[in-house]
Structures are given as structure tokens and as C-alpha cells.
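J.: Residue numbers (our numbering): 3 to 492.
Heads up, the beta-carbon is just placed ideally off N, CA and C, and yes, glycines get one too.
Sharing a structure, written as C-alpha cells. Questions coming.
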Amino acid sequence: MAEAGANIIVRLDGVEKHFGAVRALDGVDFAVHAGECVGLVGHNGAGKSTLMHVLAGTLTPDSGAIAIGGASQSGYSVVLAQGLGIRCVFQELSLCPNLTVAENARINHAALKGLGWRRRAGDLILARLDEIFPGHGIGAGDIVRDLSIGKRQMVEVARAFTVTDDPLRLVILDEPTSSLDSHTAGQLLSFVRRVVAGGASCVLISHLLGEVLENSDRIVVMRDGKVVAADTAAAFDRDKLVTAMGAAGKHARAGAERASERHSAAPVRIRARPERQLDDAELVAHEGEVIGLAGLSGHGQTELLLQIFKGASRRTDRIEVTAPVALIAGDRQADGIFPLWSIAENIGIRSIARLRDGILISRAREDELAATWREKINIRTPDIRNNILSLSGGNQQKALFARALGSDARIVLMDDPMRGVDIGTKREVYELIRAEAQSGRTFLWYTTETDELENCDHVYVFRNGRIVADLGRGELTEEKVIQSSFQAAG
């Protein structure tokens, strides 16, 4: 951890940023010393990502001062930030999907030119991937759009740590583990600690408070565009962080008050057997159940969700679905939101049949649906007719929940939907899921966060595209999930 008199890598003083009537940053002071990891926490919409965009040069502040290495900066930009050794891994990934992994590495390094630049770029990015994520399974010639979201996040992280001509002084990690399973996340955080020990610095933004507490030297808490608390990591615990963020109450296990028995008497809503399943194991979900899918990322959970989604309209010998289905995507930018549409239009698209007035969609009905769910799920926006991109990432995800829950779907498939969502928002959504399940909705929930499995009535663990463990609530422990993920046969 940096001493009080250690060199300051970056300092932001009195930074303000407005988006129309929304004050995203309200006079923020922020600094990072050499050789420290600063944890940055707060609810979605608190201003964390906006502040980091300013630091990375991708947003120009309306007022305030920026100093890098003690030197004031004017005309601050991405190019200048890169040249000064500041890199950023954004929550919404910035890779070019039509390019290869090596070509994406070249974008950040003008020094890679001339004959053989693709080979050199590929060697550069693969060396970092090997160092950070041993056994990653990514090739330099892989097209980015063909990679899973977890592997795309791995490439984005590794690219930020590559070095050619420009130095590496500070890496901003905005929700870097949000698409990674616990094993891969552990690999990354271990690497971050080694980098910081070597004298570089990191800013770690994470909705997983345990990650921040365990891996940060100092923690800064933001709320409503302001810094409301800052101290050494040792001065905080989870409850103090939650209180500083403005979320009342202690963390409660959502399943603690529920009966542990399965809803065996209720109708079966889903019966599914993965294509690679060699034995008779199958997934069964009854009406009103919340079923969890666990295991390492990329081991067939998302594929099964998509097969079930398709099975709602076409029954097969492996998939049986007995009610309308909605899917909540985890990769909201690629598979979830319609970026040119308003918030109301994004919410209403799954409910077009009941929003119609003759052959046209009734704007009044669409606005009524969106306004109802804005209130019910607390989507933070002054106007539901604003573009969906005006929302923070967490509020965009709330809009996807509103789309599914505001529809006629009795089965909701969730593909790691809490990626990048803060603890307060998560609690709201957990309560909503439980209430909807009690009313008869069935949820199938793939999550890379082991803690979220506590919200489930039953959990299936996947490995190599197969179900390898079937755990009821009374059997569910983190140790059993991890053991099944790594040691199951096949």
C-alpha cells in the first residue's frame, strides 16, 4: 500500500459532469498513488464509471482539473491518457467484434507495424493471457464475436496490461470479473496483486464487495455523483460499505425463510437434457421454482438456456417447455438492449400483442407499461422516453428485467443477468424474483456468482456441457459446487 507521501499517479480535483439535467459527477476529488489498488464502490448510477471515463480520457469533464504524475493536463484525451500509461477495461467491452484477438491488440499499440505485425501482436496478447489466465483456450486468430462473453472479457483485460512503447502506470478495472467464473476471477485478482506489488496501480470497481475488501489498499465510496467516504480497506467491512453506499439493512440470505423442499406437486414447466449428456440426468423445473445453473463459465449453461428458449416454440425429445418464455440476457449490449430505442420501447417489445391499438402500437399503453415498471423496479430516469443508453449499466439491466416480467411469460430464463449490478439493486431484484416465483412464475438462473445460488430452490452444476451434480437446498454449499465443477467425471 502507498505511503502518505508516495508519488501520486493521478489526481482529479472538483470534477463535474452533466448529462442534460442529470448531474453525474458533482465536484469529485479523487487520487491514486503509485503501487496501490484503490477500490471504488457505489450503487449503479453513483458516478463510478463516469469518473473513470473522465480519467481514461473518453469523457471531457464540464469543470475541474486533471493532473497526471503531478503535471496539469489540458486537452486531455484517450491518446494522451494512453501515452501517460493509463489504461481502462470498461464495463461495456470495447473490443471490435469483427477483428481477431491479435488485431484487437494492435489497436492499442501503434508500435506494432510493418511485416509480421499480426504475429507480434498475437504473441504479445497471448503472453499476457497465459500470464493472467493459464489454460484460457483463446487463439490469436480467433474472431472476437465468436468468443463467449467471458473470453471476450479475458481478452479485454489482457490487452490493457500489454506493453510496447507506452508505459503501464495505472489500469482501471471496471467490473472486470462480472463475466468470469470464480476460478478465472481468482486468477485475475491474483495477477492484480502482483502488478501492484511491482509498483503499478489499479482502480478496481466491483459490485462484489468481498472482492474490493480483499484486494484493495484503499476504498472510495461514491453516492449521487459525490465521494461520500474514503479510507484504508482495513477501516471498512461489508456492513460499513453498504451503509456508506446508502443501502439500509444487513445482507440477508434470500432463501433463509423458505422451505427447503422442492415444489414436487406443482406442474412441470421445463424438462431438459443437455445434448452432450451421456447418462439419464436431466433438468426439471416446476411451476414457482427458482432453479440455479452453476459451474465454470462456458460449460454449457448458456447453451442450454438458448435451447430451452427455442424449445418453447418447437418441442424436441430433449426439451419440453409448457409455458411462454422470456430471456434476460447477461450481455445486454450484444443480446439485450435496442440501443436506438427509448427505455419505454425497450421494455414494451416483449408485450407488443397487448400494446397494439389496431395495427399500430399504442404509445399510451407502452408508456403506461414502462411507467409501472419504472416505479416497481426503481429504474432511475427522469423520462421513460429517454434513449436506453442514457441509463447506467445497472439500470439498463433493470429495463431488461422489466421487459421480461412485464410480459406474459410464465418462464423466465436468466443468463448471468446481474453482471455489473450493485448490491442494493441486486436486493431489489432478488425480492422481485421471489415475489414473482410465489405468484407462479418459474425462473431458470445461470449465475457465475456463488452467493446468488442462495436464492435458488435447486441447483444443477455443469461441466463440459453436462449436468454433473443435482443439489437441493439442503445440500447446497460452495464447496460442493466447486468440487463438482472441477472434479466431476467426463
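1. Should PHE21 be labelled buried (16 or more other beta-carbon atoms within 10 Å of its own) or exposed?
2. Please determine if the segment 441-456 and the segment 291-302 are in contact, where contact requires at least 3 C-beta pairs separated by less than 8 Å.
3. Measuring CA to CA, which of GLY338, ILE321, SER150 is closest to LEU329?
4. Can you give me the Cβ contacts of SER78 inside the same chain, cut-off strictly under 7 Å, excluding the 5 residues immediately before and after it?
5. Can you check whether the CB of VAL222 is closer than 9 Å to the CB of GLN32?
6. DSSP three-state label for ASN380, please.
7. Is the beta carbon of HIS301 less than 9 Å from the beta carbon of GLY467?
8. Residues bridged to HIS288 by DSSP?
9. Mind the definition here: the segment 149-162 touches the segment 174-186 only if three or more C-beta pairs lie below 8 Å; say whether that holds.
10. One question on the structure: do ILE379 and SER344 come within less than 9 Å of each other, judged by their Cβ atoms?
11. Go to MET420, then tell me how far its alpha helix (DSSP H) extends in each direction, as first and last residue.
12. Return yes when at least one heavy atom of the ligand GDP lies under 8 Å from the C-beta of THR234, else no.
13. Alpha carbon to alpha carbon, how far is THR406 from GLN399?
14. Considering only residues of the same chain and omitting the five flanking positions on each side of THR166, which have a CB-CB separation below 6 Å?
15. Going by Cα to Cα distance, which pick from LEU131, ILE272, ALA160 is closest to ARG317?
16. Within the continuous alpha helix (DSSP H) that includes HIS55, where are the two ends?
17. Quick one: what's got a C-beta closer than 6 Å to ALA268's C-beta in the same chain, skipping five residues either side?
18. Which partner residues of ASN389 appear in the DSSP bridge assignment?
19. Does the Cβ of SER76 have 16 or more other Cβ atoms within 10 Å, making it buried, or fewer, making it exposed?
20. Within 10 angstroms of its Cβ, does THR479 collect 16 or more other Cβ (buried), or is it exposed?
21. Is DSSP giving GLU322 helix, strand or coil here?
22. Taking all protein chains shown into account, decide if GLY16 is buried (16 or more other Cβ within 10 angstroms of its Cβ) or exposed.
23. Can you find at least 3 beta carbon pairs, one from the segment 211-220 and one from the segment 37-44, that sit closer than 8 Å?
24. Can you tell me where the alpha helix (DSSP H) with THR186 in it begins and where it stops?
25. Is the distance from the Cβ of ASN457 to the Cβ of VAL244 below 9 Å?
26. Please report the straight-line C-alpha distance between GLY87 and ARG171, rounded to a whole angstrom.
27. Return the CA-CA distance between ASP281 and GLY313, expressed in angstroms with no decimal places.
28. Could you spell out the range, first to last residue, of the beta strand (DSSP E) harbouring GLY474?
29. Nearest-angstrom Cα distance between GLY29 and ARG465?
30. Can you tell me whether ASP359 is buried or exposed? The criterion is at least 16 other CB atoms within 10 Å of its CB, across all chains shown.
31. Cα separation between ALA73 and ILE310?
32. Measuring straight from C-alpha to C-alpha, what distance separates GLY227 and THR186?
33. Answer with buried or exposed for ARG122, where buried requires no fewer than 16 other C-beta atoms within 10 angstroms of its C-beta.
34. Please determine, among ARG421, ILE145, ILE435, TYR462, the residue with the shortest C-alpha to C-alpha distance to ALA274.
35. Does THR62 pass the burial test, meaning 16 or more other C-beta atoms within 10 Å, or should it be called exposed?
36. If you draw a straight line from the C-alpha of GLY137 to the C-alpha of SER192, how long is it?
T.: On the basis of the coordinates in this document:
1. Exposed is the call here.
2. Touching, yes, given that three or more Cβ pairs across the two stretches are closer than 8 Å.
3. Per the Cα distances, GLY338.
4. For the sequence presented, residue 78 should be read as Tyr rather than Ser. Around TYR78: GLY59, ILE68.
5. Sequence inspection shows Phe at residue 32; the Gln mentioned does not correspond to that position. The answer is yes: Cβ separation under 9 Å.
6. Coil at ASN380, not helix or strand.
7. Yes, they are a contact pair.
8. HIS288 pairs with VAL270.
9. They touch, by the three-pair rule.
10. No, they are not a contact pair.
11. Careful: MET420 lies outside any alpha helix (DSSP H) and carries neither H nor E.
12. No copy of the ligand GDP occurs in the structure displayed, which carries no ligand at all.
13. Going by the sequence as given, residue 406 is Ala instead of Thr. Using only the alpha carbons, I get a separation of about 11 Å.
14. Closer than 6 Å at Cβ, skipping near neighbours: HIS111, ALA113.
15. For ARG317, the nearest C-alpha among the options comes from ILE272.
16. Where HIS55 is concerned, the enclosing alpha helix (DSSP H) starts and stops at 50-58.
17. So the list reads HIS288, GLU289, GLY290, once near-sequence residues are dropped.
18. According to DSSP, ASN389 bridges with SER344.
19. Under a 10 Å Cβ-count criterion, SER76 is classified as exposed, with fewer than 16 other Cβ atoms of the shown protein chains found around its own Cβ.
20. Result: exposed.
21. Reduced to three states, the DSSP call for GLU322 is strand.
22. Result: exposed.
23. As far as the Cβ criterion goes, the segment 211-220 touches the segment 37-44, which means the pair count is three or higher.
24. Counting along the chain, the alpha helix (DSSP H) containing THR186 begins and ends at 184-199.
25. No. Outside cutoff.
26. Going from the Cα of GLY87 to the Cα of ARG171 covers about 5 Å.
27. The alpha-carbon atoms of ASP281 and GLY313 are separated by roughly 21 Å.
28. Where GLY474 is concerned, the enclosing beta strand (DSSP E) stretches over 468-474.
29. Whole-angstrom Cα-Cα distance: 48 Å.
30. ASP359 is exposed by the Cβ-count criterion.
31. In this structure, the straight-line span from the alpha carbon of ALA73 to that of ILE310 is close to 56 Å.
32. A direct Cα-Cα distance of roughly 32 Å separates GLY227 from THR186.
33. With 16 or more Cβ atoms within 10 Å of its Cβ, ARG122 is classed as buried.
34. The shortest C-alpha separation from ALA274 is found at TYR462.
35. With fewer than 16 Cβ atoms within 10 Å of its Cβ, THR62 is classed as exposed.
36. Going by the C-alpha atoms only, they are around 15 Å apart.
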